[in-house]
Structures are given as structure tokens and as C-alpha cells.
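Colleague: As they're listed, the protein sequences go chains A and B. Under numbering that gives the first Met the number 0, the residue at position 151 of the first sequence is numbered 150, and the numbers go up by one with no gaps. Under numbering that gives the first Met the number 0, the residue at position 120 of the second sequence is numbered 119, and the numbers go up by one with no gaps. Every residue gets a Cβ at the ideal spot worked out from N, C-alpha and C, and that includes glycine.
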Amino acid sequence: MGYSRDIMNRFLFPVAVLTVLAFSSCDRTRNQKGYEYFPDMAHSLAFETYTPNKVFANGMTEQMPVAGTIPRGIIPYQYPATPEGRTLAGKELVCTLEVNQQNLDRGKAEFTIFCIGCHGPAGDGKGHLFTSGKFTMQPASLINERMTIAPIGEIFHVITLGWNTMGAHGPQIRPDDRWRIAMYVKNELQKKTN
Amino acid sequence: MPKHAAIKRKVVRLTLAVSFSLILSGVFLSATKDEGYQKGKQIFEKNCAVCHKISTEKLVGPGLKDVTKRRDKAWMRKFIRGSQDLVKSGDKTANEVFKANGMIPMPDHKFLTDDDLTNLIGYIENFKPEAARAVTVDITKKDGFTNEEIKRGERLFMGVIPFEKGITLNCSSCHATQNTDTLNFNPSLYDLSVAWSEPNGTNVYQVLSVPTSQRMTDAHKGLQLSDKEIYDITAYFSVIAKTGLTNEKTFPARLLLFLVLGFLMALALADLIYFKKVKYKLVHILIIVGGLSVHTTMAIQEGIKLGRTKNYAPDQPIKFSHKVHAGQNKTDCQYCHSIATYSKSAGIPSPSLCMNCHKVVTQGTRSGKFEINKIYRAIQSGKSIPWVRIHKLPDHVFFSHAQHVEVGKVKCQECHGRVEEMDLVKQAADLSMGWCVNCHRRTAVQFTDNKYYDSYKKLHEKLKAGGMTKVTVEKIGGLDCSKCHY
């Protein structure tokens, strides 16, 4: 019996500790990616969208269009971000999309993503950011008298370029979806209250 | 004699009492005045500063410099509480102001008490821009400090030597001095150094005497440093800005285990063949078999991990918390990653998108202004923010967010984990091929009422005949090699 206890003391305890270590610990910190095999197959030789790029002066792969050119599929927005621009856009811009359930549903979905945080589900300016106290200033109501009278083009204009403290959402939302959001505000939110 | 002494004592007591009360009331009076100013400042910054500046400059609303000279104070009180009520009541000035500012109604502030309004108006009336702190040392110096200054700065920062004014607080108890595995929302030593060393960097002297945010005011309470002390600390900054921080040392437990077991096995083998000191061969066999099995297990585990970066959670250039933005503030994932529905990439938002909210929200509860200021600096300098990519598939695999998010309606969380609960984003799935394939086997596609899949005539017939209940991604070629590898 003395012999087996000796083995216990000499080997089993360190082996047990080491085994526990083997299955529990990891030498990698959260900042390290670990090893990889065939890295030449894993990493693109060509520049990817967000990789740094020494070729261009500003060090980025994504570049602005060359001055004086317009990218395919993009219609430049011509109205300035001024009160006059807003009025003019309201007068001249017309929504070419048909008001139907499909467009309204899509408008609601986009509204839920992009507008609800500030303007709230009902469009009354009581969004979560305001009610939770993150914004100290109440965002504008979309369903008051002034907005109900305003033509749909004005809503499109404000989404595109922003207004007062609201930032421009043109870069985030495609034009057709902006129209659908405006359509949803005009045809559902504003009608619900009146 | 005793009478005389008593009178004398009385006189002394009286003078003492009078002078004491005078001093007290003086302190009290100046305190209340100063307190009112500070309270007014807080109210202004919380409620007014988004739209108004106390200068002649117009933001959303007009600049408020000398507004107390232009307008009656009683009128101001009414207007602040409910501007629209005043406009509707036909008040001439109110209507003029309303029209002159583009008919944008000013929100009501009915919750402000009379005292609040007194403080607020007092603050606007007596507003003085924070005077720049007069400093006795050269604050523009960014390089070429002596070794002694650098050493003293390091010791002060680390708390090895106390500050002259005897504060027990030291910098390193809040500002991280190593790259560690924990997440600390205070700027690290390196962050501070970089912010200071930039051409138009932080004026440490100013910031330490007038904290920029609520968080910083709380953390730096009672902290007073002499100019020389700050100077020495900036000397230390100048070094750290170049060298960066060292990484926290991790104990290489697995590697050590591997080596120790290897050594033990070699010993056992040598004893078995040459020395023969241990009688029982069972001991040798146990060591060798046990050691080999642990080695094999480790080899397999490490092999599986090769090229997979599960649990990778690197430090980002800005301590952006998804838990705050997507969780507490309930911002939709697609608000920022807006191209996920129609692009291969989900999109990294540009700093100008951050400004949609951070034009208004200028300080965070845990990081003060330090992290949010990085956005403003990025916009001013036009430099992009070097976010560190976490989820990355090898180049020999094709993956498109559009296909999965828009067509497949896969929730972001299914692949990325519960990002809305992460302060620091961590790769949740291992992104291995087995993981992709399992999901493609399991997941049913929306097959009916979907033009996209009309051409699968046989499958439609089978589905109608009741031969199958659902069509998985696998059934429509989701496991073909060339779907993802080409």
C-alpha cells in the first residue's frame, strides 16, 4: 500500500492538475487571432472594400467618384439643404411609386429601422431615444398640422439631407425606400391621427 | 481687576463671533451665487445647448448673447416654459422670434421650477467663457524632454511617488497601463498619450482644471496637480505615444503542459530502455500512454482551431459598445449596417453616420467625452477610423450578406451571437465549413409564393404532393461546392 501512495504523491496529483489545465485553459488572449494554415489562400491579394490601400493618397480602397462624373444608378440630389430648398423640393418632387400595400409595408419596415428611434412608432416625436432621456430635445412630430399640410416631397427632402439637428439619411436609405417611408408617413401615420 | 478682565473677554468674544459670522456669511453668499451659476450651467447644457449658443452665432435657435438686454426677463420665463402658448396667445415679440427662426417651435420646458429659471437666466446673463488656465511651464512642448522628467512622470502616473498636494488617487488606478484582457472604459495611458501628442491635441492643463464631462468630474474629484507635475506626466506621454503599451503577460499553460509531458515521456522511455531504475513497467506505460493521449488531444484541438478565430474580441480604436447602442438604445442593426440587405458586406458606418445622433449626444456615461471626441476628430481630419475586422471568411469562400439577410431573412444574431449584449464584439460562431453546412441542412427556405424559386418545378410538385414538408437550403443546391467555392 505504501508504494501506491507513493505513486499517488509523485505522479497522479501533478498529472491531474496538468490534465485539468489542458482542457480548461487557452494560451490565446482575446486580442490574438491564433494560427492559420495556407494564409496565401485565405487572404485576398486584391484590395477588398475596407482594406487600407497605399495606392491612393488618402490610404483607402473606397474612393469618391472622379470629379465631374456620376456613378451608374445614382441620381444626384439637386436641392440645397436650406428652408428654400425644402419648399422647392416639396413643390417640384413627385412620388412616382404607386400607393399600394406592398410599398406601404416596405415603408413601415424602413421607418421602423431608420426613424422610430427619434420620431417614435406613432411619428409623434416620442421615440425611445427621447423617452429614455438620451436626447434632451424632443424630435419633431411628423403628425402635427404643419407636417400634414406639407407635401410628400418635403419629407423626402428632409430624409435625404436632414433638417436642424437631424442628420442626412440619404447615404443610408435608397431613394425608392425614402419615398416609401414618406408614403407611409403621409398615408398611414398622418391619417391615423386625423 | 476681575471685572475689567471679564469685559475684555466679552469684547474679544464678541469681535470673534462677529468676524466669524461675517466670514461665514461671505463664504455662504459667494457659494450661493456660484452655486446658482453652476446649476444654471447644468440646466443650460442639458436642455438648451443642443440648439443655442451663448454667443452671436445661430445654431437651430438664435445665439443668446446679451439676450437679457434685448428681452424682458419675465417674458423669457414665459417663453422658455411654453413658447408655442405664447405665440398662439398673439404675443408680438414671440411671433417675431418664431418667424425669424424658420417657424421651428422651441420645445416646452414646463418642468423647470422658478428657481431653475432664475439660475438659468442668471447663467445666461453672467456667462463667461472658461478662462484659460495660466500655466507656468511650456505647454506646447511635445518632444525632447529630459530623462529625469520622463522618469518622474512615469512614477507620478503609476502612483509610485505621491502628488505634491497629497492626493491618494493616482492615474494608473483608472487608466490602463497595459493591454489587458479586461475592458476598461476609461481611456488607457496610450489613448491619453496619443490624444495629447496630436498637433491640436488635448490641453492637459486645461482639462485637468476644468473637467470636460460629468464622468470626468466625478472621477477627478479633489484631484489637483501642480503645473510641473502635469509637465512631467506629459513627458511620459511623449514616450508612450511612440512606444505604445506592453501586452499583459499570459501564462502559456498549454504549451508548458505539452513540454512537461514530453519531457516525462522521454524520461520514462529512457528509464524503460537504459536505466531501469523503476521496477514496475506499468508506470512507464501509464506515463507514455497518458502523455501521448494528452498530446494527441491537444494536437486535435489546436488543429481544429487553425484558421478559426472564435472568441476573437480585439480592442477597437473607439470603445464603441453595441450593448449601449443596439441594446439599451434599441437602434436597429441596419440603421448603421444599412447595406446588409443589398450588398456582400454589411457595411461599416462612416463617422458622418455617427453624427446623426452624436451631434446631440456629446458624452457617454462611462467614457465621458473621450471616446465620442474621436468621431469629431476623425471628421475634422478626414482620416478614417481603423476599425479592426473580426468576422472574416477565407478568400476561397464566397459569402454575401444580401443573400442571407434579405432573401433568407436570417437574423443577425444567428451568426454573430447576441451582439446587443456585448460591450466588446466577440466572434460567437467559429465560421467553419461544418458550421455553414449544418445550417444549410437545417434551414428551410421560403419556397412558396416566391418568384425567386419558381424554376424548381420538381420540388414544387413534390411539395404539393406531400412528399416533403419543407425545402431546405441543401435541397436547392446549398451544399454544392461551387455555390461558395469558385
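1) Quick one: does glutamine 101 of chain A have its CB under 7 Å from some CB of chain B?
2) At a Cβ cut of 9 Å, what residues of the stretch 198-230 of chain B count as close to chain A, listed as they run along the chain?
3) Quick check on aspartate 270 of chain B - is its C-beta less than 7 Å from some C-beta in chain A?
4) Run through DSSP, which three-state label would methionine 182 of chain A get?
5) Tell me whether serine 481 of chain B is buried or exposed, calling it buried when 16 or more other Cβ atoms sit within 10 Å of its Cβ.
6) Suppose only complete runs of 3+ residues qualify. What are the beta strand (DSSP E) ranges in the stretch 216-261 of chain B, listed by chain order?
7) Could you say which of B:Asp115, B:Ile287 and B:Ile475 lies nearest to lysine 259 of chain B if we only look at CA atoms?
8) Taking asparagine 199 of chain B as the reference, give the member of B:Gly289, B:Lys304 and B:Tyr375 with the closest Cα.
9) May I ask you to list, following chain order, the residues of the stretch 111-122 of chain A that have a beta carbon less than 9 Å from some beta carbon of chain B?
10) In whole angstroms, what separates the C-alpha of threonine 308 of chain B from that of tyrosine 49 of chain A?
11) Please determine, among B:Leu224, B:Leu478 and B:Asp429, the residue with the shortest C-alpha to C-alpha distance to glutamate 163 of chain B.
12) Would you give the residue range spanned by the alpha helix (DSSP H) that asparagine 118 of chain B belongs to?
13) Indicate whether at least one CB of chain B lies closer than 7 Å to the CB of phenylalanine 129 of chain A.
14) Going by C-alpha distance, which of B:Thr442, B:Ser380, B:Gly143 and B:Ile53 is nearest aspartate 231 of chain B?
15) Under a CB-based cut-off of 7 Å, is arginine 365 of chain B close to chain A?
16) Any beta carbon from chain A within less than 7 Å of valine 59 of chain B's own beta carbon?
17) Starting from the beta carbon of threonine 135 of chain A, find every residue of chain B whose beta carbon is closer than 7 Å, and list them in chain order.
18) Would you mind giving the Cβ-Cβ distance between valine 404 of chain B and threonine 340 of chain B, rounded to the nearest angstrom? I have them listed as a contact below 8 Å.
19) From lysine 185 of chain A to valine 157 of chain A, what distance separates their C-alpha atoms?
20) What distance in whole Å lies between the Cβ atoms of valine 359 of chain B and threonine 164 of chain A, which are believed to be in contact at a cut-off of 8 Å?
21) Of all the options B:Ala428, B:Leu423, B:Gln402 and B:Val424, which has the alpha carbon lying nearest to the alpha carbon of glutamate 413 of chain B?
22) Flag methionine 40 of chain A as yes if its beta-carbon sits less than 7 Å from any beta-carbon of chain B, otherwise no.
23) Would you kindly check if the distance between the Cβ of isoleucine 166 of chain B and the Cβ of leucine 207 of chain B is under 7 Å?
24) Among the candidates A:Gln62, A:Gly119 and A:Glu35, whose CA atom is the shortest distance from the CA of leucine 305 of chain B?
25) Name the chain A residues whose beta carbon is nearer than 7 Å to that of asparagine 100 of chain B?
26) Thinking C-beta only, is serine 212 of chain B closer than 7 Å to glycine 60 of chain B?
27) For lysine 107 of chain A, which residues from the same chain have a beta carbon less than 6 Å from its beta carbon, with the 5 sequence-adjacent residues on both sides left out?
28) Between the alpha carbons of phenylalanine 141 of chain A and histidine 118 of chain A, how many angstroms are there, rounded?
29) May I ask you to list, following chain order, the residues of the stretch 166-190 of chain A that have a beta carbon less than 9 Å from some beta carbon of chain B?
30) Given a threshold of 16 other Cβ atoms within 10 Å of its Cβ, counted over all protein chains shown, does glutamine 189 of chain A qualify as buried or as exposed?
31) Classify glycine 367 of chain B as helix, strand or coil using the three-state DSSP reduction.
32) Using a threshold of 7 Å, state whether the C-beta atoms of isoleucine 180 of chain A and glutamate 91 of chain A are closer than that.
33) Are any of the Cβ atoms in chain A nearer than 7 Å to that of arginine 76 of chain B?
34) Label glutamine 171 of chain A either buried or exposed according to how many other C-beta atoms from any shown protein chain fall within 10 Å of its C-beta, with 16 as the threshold for buried.
35) DSSP on methionine 59 of chain A, reduced to helix/strand/coil?
36) If alanine 49 of chain B and threonine 135 of chain A are in contact, beta carbons under 8 Å, what's the gap, nearest whole angstrom?
Modeller: Well, looking at it:
1) Looking up residue 101 of chain A in the first sequence gives position 102. So, not an interface residue.
2) none
3) On the second sequence, position 271 is the one that residue 270 of chain B refers to. Put simply, the CB of aspartate 270 of chain B is far from chain A, with every gap to its CB atoms at 7 Å or more.
4) As a first step, residue 182 of chain A is located in the first sequence; it is residue number 183 there, counting from the start. Of the three classes helix, strand and coil, the one that applies to methionine 182 of chain A here is helix, per DSSP.
5) Taking the first residue of the second sequence as 1, we reach residue 481 of chain B at position 482. Classification for serine 481 of chain B: exposed.
6) none
7) Counted from its first residue, the second sequence places residue 259 of chain B at position 260. Contrary to the premise, residue 259 of chain B reads as valine rather than lysine in this sequence. Ranking B:Asp115, B:Ile287 and B:Ile475 by Cα distance to valine 259 of chain B puts B:Ile287 first.
8) If you number the second sequence from 1, residue 199 of chain B lands on position 200. Closest by alpha carbon: B:Tyr375.
9) Among the residues of the stretch 111-122 of chain A, those with a Cβ less than 9 Å away from any Cβ of chain B are Thr111, Ile112, Phe113, Ile115, Gly116 and Cys117, in the order of the chain.
10) For this step, residue 308 of chain B is matched to residue 309 along the second sequence. For this step, residue 49 of chain A is matched to residue 50 along the first sequence. Their Cα atoms are separated by approximately 19 Å.
11) As a position in the second sequence, residue 163 of chain B is number 164, starting the count at 1. The candidate whose alpha carbon is nearest that of glutamate 163 of chain B is B:Leu224.
12) On the second sequence, position 119 is the one that residue 118 of chain B refers to. Run containing asparagine 118 of chain B: 113-124, per the alpha helix (DSSP H) assignment.
13) Taking the first residue of the first sequence as position 1, residue 129 of chain A is located at position 130. No - not a single Cβ of chain B is within 7 Å of the one on phenylalanine 129 of chain A.
14) Position 232 of the second sequence, counting from 1, holds the residue named residue 231 of chain B. Residue B:Gly143 is the option with its Cα nearest to aspartate 231 of chain B.
15) Working through the second sequence from its first residue, we reach residue 365 of chain B at position 366. So no, arginine 365 of chain B is outside the interface.
16) For the purposes of this step, residue 59 of chain B is taken as the residue at position 60 of the second sequence. Yes, valine 59 of chain B counts as interfacial toward chain A.
17) Translated into positions along the first sequence, residue 135 of chain A becomes position 136. Threonine 135 of chain A reaches chain B at Lys45, Asn46 and Val49, counting residues in chain order whose Cβ is nearer than 7 Å.
18) Translated into the one-based positions of the second sequence, residue 404 of chain B becomes position 405. Translated into the one-based positions of the second sequence, residue 340 of chain B becomes position 341. So it is a contact: roughly 5 Å between Cβ atoms.
19) Numbered from 1 along the first sequence, position 186 holds the residue referred to as residue 185 of chain A. Numbered from 1 along the first sequence, position 158 holds the residue referred to as residue 157 of chain A. Their Cα atoms are separated by approximately 14 Å.
20) In the first sequence, counting from the first residue as 1, residue 164 of chain A sits at position 165. In the second sequence, counting from the first residue as 1, residue 359 of chain B sits at position 360. Sure, about 6 Å apart at Cβ, within 8 Å.
21) Taking the first residue of the second sequence as position 1, residue 413 of chain B is located at position 414. Selected option, being the one with the closest Cα: B:Ala428.
22) Position 41 of the first sequence holds residue 40 of chain A. It does: the Cβ of methionine 40 of chain A has a partner Cβ on chain B nearer than 7 Å.
23) Position 208 of the second sequence holds residue 207 of chain B. Position 167 of the second sequence holds residue 166 of chain B. No, they are not a contact pair.
24) Sequence index remark: in the second sequence, residue 305 of chain B carries index 306 (1-based). Of all alpha-carbon atoms in A:Gln62, A:Gly119 and A:Glu35, the one lying nearest the alpha-carbon of leucine 305 of chain B is that of A:Glu35.
25) For the purposes of this step, residue 100 of chain B is taken as residue 101 along the second sequence, with counting starting at 1. Contact note: asparagine 100 of chain B does not reach chain A at a C-beta cutoff of 7 Å; the least C-beta distance is about 10 Å.
26) One-based indexing of the second sequence puts residue 60 of chain B at position 61. One-based indexing of the second sequence puts residue 212 of chain B at position 213. Between glycine 60 of chain B and serine 212 of chain B, the C-beta spacing is not below 7 Å.
27) Along the first sequence, one-based indexing puts residue 107 of chain A at 108. The residues are Tyr183.
28) Counting from 1 along the first sequence, the entry for residue 141 of chain A is found at position 142. Counting from 1 along the first sequence, the entry for residue 118 of chain A is found at position 119. A quick correction: the sequence has leucine, not phenylalanine, at residue 141 of chain A. Distance between the alpha carbons of leucine 141 of chain A and histidine 118 of chain A is about 7 Å.
29) Gly166, Ala167, His168, Pro170, Gln171, Ile172 and Arg173
30) Indexing the first sequence from 1 puts residue 189 of chain A at position 190. Looking at its Cβ environment, which holds 16 or more other Cβ atoms inside 10 Å, glutamine 189 of chain A is buried.
31) As a first step, residue 367 of chain B is located in the second sequence; it is residue number 368 there, counting from the start. Strand at glycine 367 of chain B.
32) Stepping through the first sequence from its first residue, residue 180 of chain A is reached at position 181. Stepping through the first sequence from its first residue, residue 91 of chain A is reached at position 92. At a Cβ-Cβ threshold of 7 Å, isoleucine 180 of chain A and glutamate 91 of chain A do not count as neighbours.
33) The sequence position of residue 76 of chain B within the second sequence is 77, counting from 1. False, the Cβ-Cβ gap to chain A never drops below 7 Å.
34) As a position in the first sequence, residue 171 of chain A is number 172, starting the count at 1. That one is buried.
35) Along the first sequence, one-based indexing puts residue 59 of chain A at 60. Note: methionine 59 of chain A maps to strand in three-state DSSP.
36) The residue given as residue 49 of chain B occupies position 50 in the second sequence. The residue given as residue 135 of chain A occupies position 136 in the first sequence. The residue asked about is misnamed: residue 49 of chain B is valine in this sequence, not alanine. About 6 Å separates the two Cβ atoms, so the contact holds.
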